[in-house]
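By this note's numbering, the letter at position 45 of the sequence shown is numbered 1093, and the numbering carries on one by one without gaps.
Backbone N, C-alpha and C define an ideal beta-carbon position, used for all residues, glycine too.
Note that the structure is predicted; figures quoted are calculated from it, not measured.
Data block below; observations after.
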Amino acid sequence: MNKYIKIADRDNVAVALEPLKAGESHLGVTLREDVPAGHKFALTDIAEGENIVKYAFPIGHATQAIAAGSWVHTHNVKTNLSGMLEYSYNPHPCAVEIDREATFEGYVREDGRVGIRNEVWIVNTVGCVNGTAKTLEKLAQEAYGDRVEGIHCFVHPYGCSQLGEDHKNTQKLLASMVRHPNAGAVLVLSLGCENNNVKVFKEVLGEYNPDRVKFLITQDYEDEIEEGMKLLDELTAYASRFKRQTVPASELVIGLKCGGSDGLSGITANPLLGAASDLLARHGGTTLLTEVPEMFGAETILMDRCKDEATFEKAVALINDFKAYFIRHGQEVYENPSPGNKAGGITTLEDKSLGCTQKGGTAEVRDVLKYCEPVTQKGLNLVQGPGNDLCAITALMASGAQMVLFTTGRGTPVGAPIPTVKVATNTPLAQKKHNWIDFNAGVLVQGATLEETTEVFFKKLLSIASGERTQSETHDYREIAIFKDGVTL
């Protein structure tokens, strides 16, 4: 195993793959100081103001002269990013030919969509009934759990006292959960007096199958638990009719996410997701990429891969609208990466973004989706959503992802309502947190090839789509977070 990696020929820094000591010689330079694993060291003398180049792109500039062999990090590097930018469309042809076939065992719903789980979901119109939902979840799992693959509720604090777009976002997000194909049936649980009451919510939801979706207004019943259990009896009986059947991999919709990133995220796990995304596209499937603030500094790479100018304009709006959101709240647009990212070796937002966007592979960007907008285009799609782990995985689910691939270098147990596949960037994390991690991408710096590892990983994904449980499912880690941008009364 190498102790370091130079990612691209034109890079003037390399990345330590394990802790390096002052005095060691690597790539023709002698280290002047210790360099932690995941962190960078200079391969040449770098003048003050000169760009630091990693992934073949600038990730910032030197704030002081940096001698060859020196540790390169936040103490001597600053971002090049500032303010709003003008963009031009410079198309880079990258359409992926559909030339592969594979299948998995999924649940074909009445509307033709395919789920990879057959669960019953309890969806609250308002946070006031969170406790009721949790009670019903527990009792129904004990009574009817053997009929389906799980009965789950997802608590949240909203549905009332919200204004404008926040209220609409809550409604759209909850409606997307009711429609989600991983849910064989859904109980919509309401208090009765909330802004997002059942009558109003039904207008947002649109058409639904009354056998699959039932509503309970708790204020209308003396014993809401008894009534809820009656409805859950009916819903689990309905959902139990669905059986797994063989469907093509083109029916898969997979979300792409990273969190708790480190200096190896852009070298191992994120490129693996990118290769898997490209491979799924070759099977005719769909991937969703979000975390818009973590596209800043690498956004033009995605923009130039847009299928046409109209899609490019949607990508520009995606980026600029998110920057305007920061500015509107008086916040620094480029206040990223997080303390944990920095400790793991990520220095600037460009450094983080160039690693983050590798999850999208090299395929053409087929569409750009607004928050909670359902995906309609096969292939790679960009989705409006923040970098926050909970908000991002929820946004991916809301646009139709049946599972999320989540890379991490420092580790996190967080899970979405849909299967969340944790991919470790490094072997020590995979070994230490085996109860969190589903796949170890650290093998990519231990001699494994990207092509071989991608094939193994893709088979793993088909197995999970066919029912294999992820660690997040095994430990019942399932959360939602609704993106908000306004006043709460």
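Would you mind working out which of the options sits nearest residue i, comparing C-alpha positions?
i, options, result
"Phe1089", "Gly1179, Lys1102, Leu1430, Glu1096", "Lys1102"
"Leu1184", "Trp1169, Thr1173, Leu1509", "Trp1169"
"Val1535", "Arg1157, Gly1154, Cys1208, Phe1152", "Cys1208"
"Gly1117", "Leu1235, His1109, Tyr1137, Ile1094", "Ile1094"
"Lys1247", "Ala1233, Gly1232, Phe1263, Thr1468", "Phe1263"
"Ala1181", "Asn1138, Ala1358, Val1261, Leu1237", "Leu1237"
"Ala1329", "Glu1347, Ile1302, Pro1319, Met1343", "Ile1302"
"Val1452", "Ile1512, Pro1385, Thr1405", "Ile1512"
"Gln1210", "Ala1231, Asn1243, Asn1178", "Asn1243"
"Thr1460", "Asp1437, Thr1218, Asp1159", "Asp1437"
"Pro1084", "Tyr1137, Phe1370, Thr1395", "Thr1395"
"Glu1383", "Glu1072, Leu1065, Thr1122", "Thr1122"
"Asn1050", "Ala1496, Asp1369, Ile1375, Gly1276", "Ala1496"
"Asp1159", "Glu1255, Ile1146, Ile1441", "Glu1255"
"Cys1404", "Thr1501, Leu1444, Val1462, Glu1347", "Glu1347"
Would you kindly work out how many angstroms separate the C-alpha atoms of residue i and residue j, rounded to a whole number?
i, j, result
"Gly1314", "Val1063", "11 Å"
"Ile1107", "Thr1092", "16 Å"
"Pro1067", "Leu1477", "15 Å"
"Asn1389", "Lys1532", "24 Å"
"Lys1355", "Leu1327", "18 Å"
"Ala1188", "Ala1464", "21 Å"
"His1140", "Pro1341", "23 Å"
"Pro1387", "Glu1527", "23 Å"
"Glu1272", "Phe1505", "45 Å"
"Val1252", "Ile1100", "49 Å"
"Ile1485", "Arg1289", "33 Å"
"Gly1433", "Gly1076", "43 Å"
"His1331", "Phe1249", "37 Å"
"Asp1057", "Thr1127", "22 Å"
"Ser1157", "Ala1372", "This sequence places Arg at residue 1157; Ser is not what is there. Each residue's alpha carbon lies about 40 Å from the other."
"Ala1233", "Lys1470", "27 Å"
"Asn1483", "Thr1455", "15 Å"
"Val1144", "Pro1319", "17 Å"
"Thr1359", "Gln1494", "39 Å"
"His1074", "Tyr1052", "8 Å"
"Gly1097", "Ala1231", "54 Å"
"Gln1519", "Tyr1419", "27 Å"
"Asp1268", "Asp1214", "27 Å"
"Val1120", "Gly1435", "25 Å"
"Gln1293", "Val1381", "47 Å"
"Thr1468", "Lys1362", "28 Å"
"Glu1357", "Leu1537", "41 Å"
"Arg1517", "Gln1425", "28 Å"
"Val1125", "Asp1059", "15 Å"
"Gln1479", "Asp1524", "21 Å"
"Phe1374", "Lys1216", "20 Å"
"Lys1186", "Gly1276", "12 Å"
"Lys1481", "Thr1501", "20 Å"
"Ile1146", "Thr1442", "29 Å"
"Gln1379", "Met1343", "17 Å"
Leaving aside the five residues before and after residue i along the sequence, list all residues of the same chain whose C-beta is less than 6 Å from its C-beta, in chain order.
i, result
"Phe1105", "Leu1402"
"Gly1345", "Leu1129, Leu1397, Glu1398, Ser1401"
"Lys1054", "Ala1062"
Please go through the same chain and pick out, in chain order, the residues whose beta-carbon is closer than 8 Å to the beta-carbon of residue i, but skip the five residues on each side of it.
i, result
"Asn1429", "Thr1334, Thr1335, Leu1336, Leu1337, Val1413, Arg1414, Asp1415, Val1416, Leu1417, Val1423, Ser1447"
"Gly1457", "Gly1086, Gly1308, Ser1309, Asp1310, Gly1311, Leu1312, Ser1313, Ala1317, Gly1392, Ala1472, Thr1473, Asn1474, Leu1477"
"Ala1612", "This structure cannot speak to residue 1612, because the chain is shown only from 1049 to 1537."
"Leu1498", "Pro1319, Leu1320, Ala1323, Leu1492"
"Lys1220", "Val1252, Tyr1419, Cys1420, Ala1446"
Using 8 Å as the cut-off, classify the Cβ of residue i as near or not near the heavy atoms of the ligand MN, replying yes or no.
i, result
"Gly1131", "Because no ligand of any kind appears in the structure shown, any question about the ligand MN cannot be addressed here."
Considering only residues of the same chain and omitting the five flanking positions on each side of residue i, which have a CB-CB separation below 7 Å?
i, result
"Asp1259", "Tyr1286"
"Gly1408", "Leu1304, Gly1322, Ser1325, Leu1337, Leu1350, Leu1428"
"Arg1161", "Pro1229"
"Cys1142", "Arg1353, Thr1410, Ala1411, Glu1412"
"Leu1510", "Ala1150, Phe1152, Ala1297"
"His1204", "Asn1172, Gly1175, Ile1528, Ile1530"
"Leu1551", "With the chain covering 1049 to 1537 only, the question about residue 1551 has no answer from this structure."
"Val1295", "Thr1151, Phe1152, Gly1154, Val1156, Val1162"
"Lys1508", "Phe1487"
"Tyr1206", "Gly1175, Thr1218, Ile1530"
Could you tell me whether the Cβ of residue i comes closer than 9 Å to any Cβ of chain C?
i, result
"Ala1440", "This model lacks chain C altogether, as it is built from one protein chain only."
- prompt: Counting pairs of beta carbons, one from the region 1177-1193 and one from the region 1218-1232, are three or more of them closer than 8 Å?
  reply: no
task: Report yes or no: do three or more beta-carbon pairs, one from the region 1279-1291 and one from the region 1300-1318, lie closer than 8 Å?
output: no
- request: Go through the region 1187-1218 residue by residue and report every complete run of the beta strand (DSSP E) that reaches 3 residues or more, in order.
  value: 1199-1201
- prompt: Would you call the region 1195-1203 and the region 1154-1169 in contact, with 3 or more CB pairs under 8 Å?
  reply: yes
- request: Would you be able to state if there are at least three C-beta pairs under 8 Å between the region 1130-1138 and the region 1109-1116?
  value: no
- request: Kindly provide the ranges of any beta strand (DSSP E) runs that are 3 or more residues long and lie completely inside the region 1241-1276, ordered along the chain.
  value: 1261-1265
- request: Jot down the residue ranges of each uninterrupted beta strand (DSSP E) in the region 1353-1437, minimum 3 residues, whole runs only, in chain order.
  value: 1413-1417, 1427-1431
message: Quick check on the DSSP output: what are the complete beta strand (DSSP E) runs of length 3 or more inside the region 1098-1171, in order along the chain?
response: 1099-1102, 1105-1110, 1151-1156
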